[in-house]
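These protein sequence lines are chains G and A, in that order. Residue 162 in my numbering sits at position 162 of the first sequence, with consecutive numbering throughout. So the mapping is simple: my numbering equals the position in the second sequence, first residue as 1, plus 1000. Notes follow the structure.
Number of protein chains: 2
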Amino acid sequence: MEYTEEILVERATNTKIHDVDFSNLAFGKIFSDHMFVCDYEGGKWQQPKIVPYQPFSLEPAAKIFHYGQSIFEGMKAYRDADGSVFLFRPMDNCKRMNISAKRLAMPEIPEDYFMNGLKELLKIEKDWIPTAEGSALYIRPFMFATGHGFHASPADTYKFVIAFAPSGPYFTGKVNVLIEEKYSRAANGGVGYAKAGGNYAGQFYPTHLAKERGYHQVIWTDDTTHEYIEEAGAMNIFVRINDTLLTVPTSERILDGVTRKSILKIAEDEGIAVEVRKIKVAELIEAAENGSLMELFGAGTAAVVSQISAFGYKGKDYKLPELKDTFGARLKKRITDIQTNKIEDPFGWRVKVC
Amino acid sequence: MEYTEEILVERATNTKIHDVDFSNLAFGKIFSDHMFVCDYEGGKWQQPKIVPYQPFSLEPAAKIFHYGQSIFEGMKAYRDADGSVFLFRPMDNCKRMNISAKRLAMPEIPEDYFMNGLKELLKIEKDWIPTAEGSALYIRPFMFATGHGFHASPADTYKFVIAFAPSGPYFTGKVNVLIEEKYSRAANGGVGYAKAGGNYAGQFYPTHLAKERGYHQVIWTDDTTHEYIEEAGAMNIFVRINDTLLTVPTSERILDGVTRKSILKIAEDEGIAVEVRKIKVAELIEAAENGSLMELFGAGTAAVVSQISAFGYKGKDYKLPELKDTFGARLKKRITDIQTNKIEDPFGWRVKVC
Ligand SMILES: Cc1ncc(COP(=O)(O)O)c(C=O)c1O
Ligand SMILES: Cc1ncc(COP(=O)(O)O)c(C=O)c1O
Chain G
1 MEYTEEILVE RATNTKIHDV DFSNLAFGKI FSDHMFVCDY EGGKWQQPKI VPYQPFSLEP
61 AAKIFHYGQS IFEGMKAYRD ADGSVFLFRP MDNCKRMNIS AKRLAMPEIP EDYFMNGLKE
121 LLKIEKDWIP TAEGSALYIR PFMFATGHGF HASPADTYKF VIAFAPSGPY FTGKVNVLIE
181 EKYSRAANGG VGYAKAGGNY AGQFYPTHLA KERGYHQVIW TDDTTHEYIE EAGAMNIFVR
241 INDTLLTVPT SERILDGVTR KSILKIAEDE GIAVEVRKIK VAELIEAAEN GSLMELFGAG
301 TAAVVSQISA FGYKGKDYKL PELKDTFGAR LKKRITDIQT NKIEDPFGWR VKVC
Chain A
1001 MEYTEEILVE RATNTKIHDV DFSNLAFGKI FSDHMFVCDY EGGKWQQPKI VPYQPFSLEP
1061 AAKIFHYGQS IFEGMKAYRD ADGSVFLFRP MDNCKRMNIS AKRLAMPEIP EDYFMNGLKE
1121 LLKIEKDWIP TAEGSALYIR PFMFATGHGF HASPADTYKF VIAFAPSGPY FTGKVNVLIE
1181 EKYSRAANGG VGYAKAGGNY AGQFYPTHLA KERGYHQVIW TDDTTHEYIE EAGAMNIFVR
1241 INDTLLTVPT SERILDGVTR KSILKIAEDE GIAVEVRKIK VAELIEAAEN GSLMELFGAG
1301 TAAVVSQISA FGYKGKDYKL PELKDTFGAR LKKRITDIQT NKIEDPFGWR VKVC
């Protein structure tokens, strides 16, 4: 595909950057000065633009309010000691966005619109990239239906946006999770493998119920039997039994996480024994009981690795051992060091923007 | 709950009603002059308002664009020959809206806010109710997350809206459906029983694939085995085998349709043999082959009854007989006559508004 049109840039008249305490950032609460926007109309993507971050005006009958056509991505930008700016495997997010788009009957965004929009916006906003430990510029590409009407059918117009939020860590501290026995996040033949808005809304209530019982997150299980673990909240799940690192294969119910596949590659590179296969809850319980369950962690862009300290199942709680050196911490450090240009990147994942 | 606050009414300065061809209406494409709006903030529903139908202004980080917190209802208002205005079982929609709200971790709307808002708006917009055969004022209550942030968690603010669209028939003519073998609309333990936006977005792509093969709609099957029929597009499904009318029990995967339960009641009242039980695809095929399959129809507010003329399954097409008198047409007529105040309503379903 060719990038035939220049991006039109409208600069903000003043910056909000001086109001931001970059050493004390929450996750995804503050937004940078500009955003990238491109509208889809008449079967074509229109003029791509970078404009000041500002509200959208939408008809009450816009399909985003009624029929859930909304997809998104999550990625990060990093700045090294020299001030150079990097992305991490951005084409994977672009490709996954288009996988999501297809499943939700939304138009695919041309790769050059996505990548050039992202890079140009980053060049303009590079001072918004925090450098404190655990912080990064969180990048949110998203697309939603703007076309309107109450007929339950795909919209004819869409908006694609990239917005930035300088962010601190997603979770702070170790988490305590509940293995879900009743609710599910995805159906066979459903949209679980897509980053579709509706998948997240469906998780909130079961997560709320888990929180009321003292857990931070839910471990999702398959919706047919609830016997197999699938994801950890909005992260992929890893299990360490003795010295083997296990994770579940991706499927139509499970998101193909960039962090997950990066961890698999790094683990292999470091000589850690890895198995990608279905994991029964019963196997976890058995391993917890016989002392071979060493670690459990979630993996995703927001938290990178989120170590789990205990899990609940059928009214019983199982503690994970407190190890000094965890696979989780080691893998997180290696990924983060690659992302922030502190070490060599033998995998070709880092993309220098400027 | 008490209705403590008056509705604040801001009238439109002029009406669009004279531009509308009421004898030639599409479904859900034209909107009346006013809408009912109520915002949820700080843990409370705020001042309910009736305002001119107009766009909403929303932050790019508003959670509706990212995490799919959106629910809706669909109902209709009718005008009889004397100009009186009626609703049909409106409390059922209100209750179902709150069932949806709970599952999506959204605030429930007080019944009096819903009902009074709806009735007051109807009084103002009563001239927008079409009276042509097959037409009605389609009513769309909906709620979505306005609170913002990129953290995957429920929003703290929401907007509840009721908008009106004078509408003609949803489907025109008989439909040809495909029994789905691969895709699904709902998971066990998922949100299928809620009128959540995300459920509809997930249906569009499989429906598009079915359309490419010459079908109008998809018959959804259970996601575990695809052996049981569940819904007909965005309608509940009815099957007539010989002289027995069958429908599937509602479940966590199936919407508890107002039309479905009204049809069950009327069928019973008319002495039609009714069975509510699971229905295997294999049973449909067998009945089609041995000539006992008489009718197949979808039931929902938009189309009331949508008669199916043929269905496809595993590459084969099965035709339904062309009957002169169908249960579908008879039940549709009785419901519609009750809705439009043409006949007695022994069930107490009709609610006179003004
Ligand atoms: C459901 C779900 N699983 C897994 C992930 C992890 O994917 P990634 O590593 O690409 O961020 C995400 C996103 O963060 C997610 O939303
Ligand atoms: C999935 C689904 N099933 C069934 C129905 C029928 O419900 P009702 O008769 O209340 O309109 C609807 C809504 O129209 C629906 O969206």
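Positions of the beta carbon are idealized from the N, C-alpha and C atoms, including for glycine. Source: prediction; values computed, not measured.
Under DSSP, the beta-bridge partners assigned to Trp1220 of chain A are A:Glu1231. Excluding residues up to 5 positions away in sequence, Phe160 lie with their Cβ nearer than 6 Å to the Cβ of Ile109 of chain G in the same chain. Taking 4 residues as the minimum length, the alpha helix (DSSP H) runs contained wholly in the stretch 1302-1346 of chain A are 1327-1339, in order along the chain.
By the rule that beta-carbons nearer than 8 Å mark a contact, Ala1136 of chain A does not touch chain G. If you compare the alpha carbons of A:Tyr1205, A:Pro1154, A:Ser1070 with that of Lys1182 of chain A, the shortest gap goes to A:Tyr1205. Straight across, the Cα-Cα distance linking Asp1325 of chain A with Ser1251 of chain A is about 31 Å. Distance from the C-beta of Gly1198 of chain A to the nearest heavy atom of ligand 1 is not below 7 Å. Contact between Ala1061 of chain A and Phe144 of chain G does not hold, since the beta-carbon distance rounds to 12 Å and is not under 8 Å. Fully enclosed beta strand (DSSP E) runs of no fewer than 3 residues occupy 158-167, 175-179 of the stretch 142-215 of chain G, in order along the chain. Note that the stretch 191-199 of chain G does not touch the stretch 274-283 of chain G; fewer than 3 beta-carbon pairs, one per stretch, sit closer than 8 Å. What Thr1224 of chain A touches in chain G, judged by beta-carbon distance under 7 Å, is Asn188, Thr224, going in chain order. Burial state of Leu1008 of chain A is exposed, judged by a 10 Å Cβ sphere holding fewer than 16 other Cβ atoms. Spanning the alpha carbons of Trp45 of chain G and Gly117 of chain G requires a straight line of approximately 13 Å.
Its chain contains Val1305, Gln1307 as the residues whose beta carbon lies nearer than 8 Å to that of Ala1329 of chain A, once the 5 sequence neighbours on both sides are disregarded; these appear in chain order.
In this structure, the straight-line span from the alpha carbon of Gln54 of chain G to that of Arg334 of chain G is close to 37 Å. Under the Cβ criterion of 8 Å, Lys102 of chain G is counted among the residues facing chain A. In this structure, Glu1180 of chain A lies near Thr1221 of chain A, with their beta-carbon atoms less than 8 Å apart. Listed along chain G are His66, each with a C-beta nearer than 7 Å to that of Phe1072 of chain A.
Of the residues A:Pro1321, A:Gly1043, A:Asp1021, A:Val1020, the one whose Cα lies closest to the Cα of Ala1155 of chain A is A:Gly1043. Here the stretch 288-302 of chain G lies against the stretch 233-250 of chain G, with 3 or more beta-carbon pairs under 8 Å apart. Residue side-chain check: Asn176 of chain G keeps its Cβ at 7 Å or more from all non-hydrogen atoms of ligand 1. Pro52 of chain G is bridged by DSSP to G:His34. Residue nearest to Gly189 of chain G within the set A:Asp1317, A:Val1020, A:Ala1288, A:Thr1224 is A:Thr1224 (criterion: CA-CA distance). For a cut-off of 8 Å, the C-beta gap from Ile266 of chain G to Leu331 of chain G is around 6 Å, short enough to register as a contact.
For Glu275 of chain G, the uninterrupted beta strand (DSSP E) run begins and ends at 273-276, by DSSP. Residue-level contact by beta carbon holds for Gln69 of chain G and chain A, with a gap shorter than 8 Å. Among the residues facing chain A, Lys182 of chain G is included, as its CB has a counterpart in that chain under 8 Å away.
Cβ contact annotation for Ala210 of chain G (same chain, cutoff 6 Å, sequence separation greater than five): Leu178, Val218, in chain order.
Beta-bridge annotation (DSSP): Met1075 of chain A is paired with A:Ile1139. Of all C-beta pairs linking the stretch 1115-1130 of chain A to the stretch 1009-1022 of chain A, three or more are shorter than 8 Å, placing the two stretches in contact. Beyond the five residues adjoining it in sequence on each side, His148 of chain G comes within less than 6 Å, by CB distance, of Glu59, Ala61, Ala62 in the same chain, given in chain order.
Residue A:Val1051 holds the alpha-carbon nearest to the alpha-carbon of Val1037 of chain A among A:Gly1028, A:Val1051, A:Asn1024. Taking 8 Å as the threshold, the shortest C-beta distance from Leu121 of chain G to chain A does not fall below it.
In this structure, Leu1264 of chain A has its CB at a distance of at least 7 Å from all heavy atoms of ligand 1. Within the DSSP secondary-structure output, Arg1260 of chain A pairs in no beta bridge. Looking at A:Gly1312, A:Asn1176, A:Ile1064, the one whose alpha-carbon comes closest to that of Thr146 of chain G is A:Ile1064.
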